[in-house]
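Structure first, then comments.
2 protein chains.
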Amino acid sequence: MTSDADKALDKAVEVLRLDRQLCFALYSAANRVTRLYRPLLDALGLTYPQYLAMLVLWEHSPRTVGEMGQALDLESSTLTPLLKRLEGAGLIVRSRDPDDERRVIISLTDAGDAMRDQALGVAEQFFCKLDTPLPELVDLRERLKRLAV
Amino acid sequence: MTSDADKALDKAVEVLRLDRQLCFALYSAANRVTRLYRPLLDALGLTYPQYLAMLVLWEHSPRTVGEMGQALDLESSTLTPLLKRLEGAGLIVRSRDPDDERRVIISLTDAGDAMRDQALGVAEQFFCKLDTPLPELVDLRERLKRLAV
DNA sequence: AACGATTTAATCGCGTACGATATAACTTCA
DNA sequence: TGAAGTTATATCGTACGCGATTAAATCGTT
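Protein chains in written order, with our numbering: chain H, 1 to 149; chain D, 1001 to 1149.
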């Protein structure tokens, strides 16, 4: 016969199995994708989060730090150092908004704008590396967007 | 009329839109989930990656650093400092394998083992926070496992 | 036995993430 | 108008994540 304590332990063992955890599948997939991007982005001298920041700016520049934080769901404590590095790389310029000196405006430089074409190549190479049908990727993307919003 | 350069730009703008990027959906969802776990794990004094390491050990202890790295898909450069912190917290013990002095064996302490029950509560609270039907979560999990393996 | 190759962890440096806090600029409203 | 409240970034400390490198132990082959 099995005690209540044993049954509770069995339940814990089952529920907590790593392969049952959505959180781990997500964490692990995110790490894998970052690793997959790394060699592609090395050619541009960008890290993966820096690439995401550039995506935001290629969509629309200039943007304030706050707007970028909202788009990327990141705090200023993460963005500020990242943007300083992009500025150091000559891809963006940071300047105070004359209309509201609290705001910092991020603008693409010509070099930053020119990198867009190479980025297109990166996106295509990444798609090839994934080797997954596009509909499956689109479906996964939309499910992820809905998660924990 | 539209020039070839304009068409190429239009294509780049479309393809590179942030909301079209699986990579960003994944990155962002992973960050959100970590943030969602944080207040729950604060009660246990664990970070999110530390919680994942404990999940591995609750499944089966002792394990070598290498086995844990394989389970979690992490390098020793990530795991070693993390495990030292868990040891500092009294949840695990690190010891060299007498049969092969290269290996380091990670064992749960009684305190580490006892934390399993609280972890079960965390997993349940997280599920409530997500507020998503279980089948949807299972489906998402399996899709994530298949991605970029 | 012995020496080169391999395996296992650890160390180091860099770049995130983020909570807590600080600081400066704007807004409100008494 | 001026003090209190709010907002927009920046700074700091902690903890990852990983590539590159190192150090030690083991293995394979002769």
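Positions of the beta carbon are idealized from the N, C-alpha and C atoms, including for glycine.
So, with DSSP's three-state summary, where would you put residue i?
i: D:T1064; result: strand
i: H:R17; result: coil
i: D:S992; result: As shown, chain D starts at 1001 and ends at 1149. That puts residue 992 of chain D outside it, with no answer to give.
i: H:L83; result: helix
i: D:L1057; result: helix
i: D:D1004; result: helix
i: H:V93; result: strand
i: H:D10; result: helix
i: D:D1113; result: helix
i: H:L26; result: helix
i: H:D100; result: strand
i: D:L1130; result: helix
i: H:D44; result: A small fix is needed here, since residue 44 of chain H is Leu in this sequence, not Asp. Coil, per DSSP.
i: H:A108; result: The residue asked about is misnamed: residue 108 of chain H is Leu in this sequence, not Ala. Note: H:L108 maps to strand in three-state DSSP.
i: D:L1147; result: coil
Roughly how many whole angstroms lie between the Cα atoms of residue i and residue j?
i: H:R102; j: H:S95; result: 11 angstroms
i: H:R143; j: H:E136; result: 11 angstroms
i: H:P133; j: H:V15; result: 32 angstroms
i: H:Q21; j: D:R1141; result: 8 angstroms
i: D:V1013; j: D:V1033; result: 29 angstroms
i: H:F127; j: D:P1098; result: 46 angstroms
i: D:R1017; j: D:D1100; result: 52 angstroms
i: H:P49; j: H:Q118; result: 16 angstroms
i: H:L74; j: H:D4; result: 45 angstroms
i: H:Q125; j: D:G1088; result: 43 angstroms
i: H:V104; j: D:A1071; result: 43 angstroms
i: D:Y1051; j: H:L9; result: 18 angstroms
i: D:D1006; j: H:L86; result: 26 angstroms
i: H:C23; j: H:L147; result: 11 angstroms
i: H:L44; j: D:G1069; result: 30 angstroms
i: D:I1092; j: D:M1054; result: 9 angstroms
i: D:W1058; j: D:R1116; result: 7 angstroms
Does residue i have its Cβ less than 7 angstroms from a Cβ in chain H?
i: D:A1030; result: yes
i: D:K1010; result: Per the sequence shown, the amino acid found at residue 1010 of chain D is Asp instead of Lys. Closer than 7 angstroms: no.
i: D:R1143; result: yes
i: D:A1111; result: no
i: D:L1108; result: no
i: D:R1063; result: no
i: D:L1026; result: yes
Counting C-beta neighbours from all protein chains within 10 Å, is the total for residue i 16 or more, i.e. buried, or is it exposed?
i: D:R1063; result: buried
i: H:G90; result: exposed
i: D:V1056; result: buried
i: H:G112; result: buried
i: H:A25; result: buried
i: H:S28; result: buried
i: D:A1030; result: buried
i: D:A1114; result: exposed
Can residue i be considered in contact with the ligand SAH, in the sense that its beta carbon sits closer than 6 angstroms to one or more heavy atoms?
i: H:L22; result: With respect to the ligand SAH, the structure offers nothing, as it holds no ligand at all.
Within the 7 angstroms Cβ cut-off, does residue i reach chain D?
i: H:D73; result: yes
i: H:L36; result: yes
i: H:V56; result: yes
i: H:E122; result: First, the residue type needs correcting, since residue 122 of chain H is Val and not Glu in the sequence shown. H:V122 does not count as touching chain D.
i: H:C128; result: no
i: H:A119; result: yes
i: H:A148; result: yes
i: H:R94; result: no
i: H:L40; result: no
i: H:R116; result: yes
i: H:V33; result: yes
Report yes or no: do the segment 1035-1053 of chain D and the segment 35-47 of chain H share at least 3 C-beta pairs separated by less than 8 angstroms? Fewer than three pairs of CB atoms, one per stretch, sit closer than 8 angstroms, so the segment 1035-1053 of chain D makes no contact with the segment 35-47 of chain H.
Pair every Cβ in the segment 69-83 of chain H with every Cβ in the segment 117-134 of chain H, then say whether three or more of these pairs are closer than 8 angstroms. No, the segment 69-83 of chain H is not in contact with the segment 117-134 of chain H.
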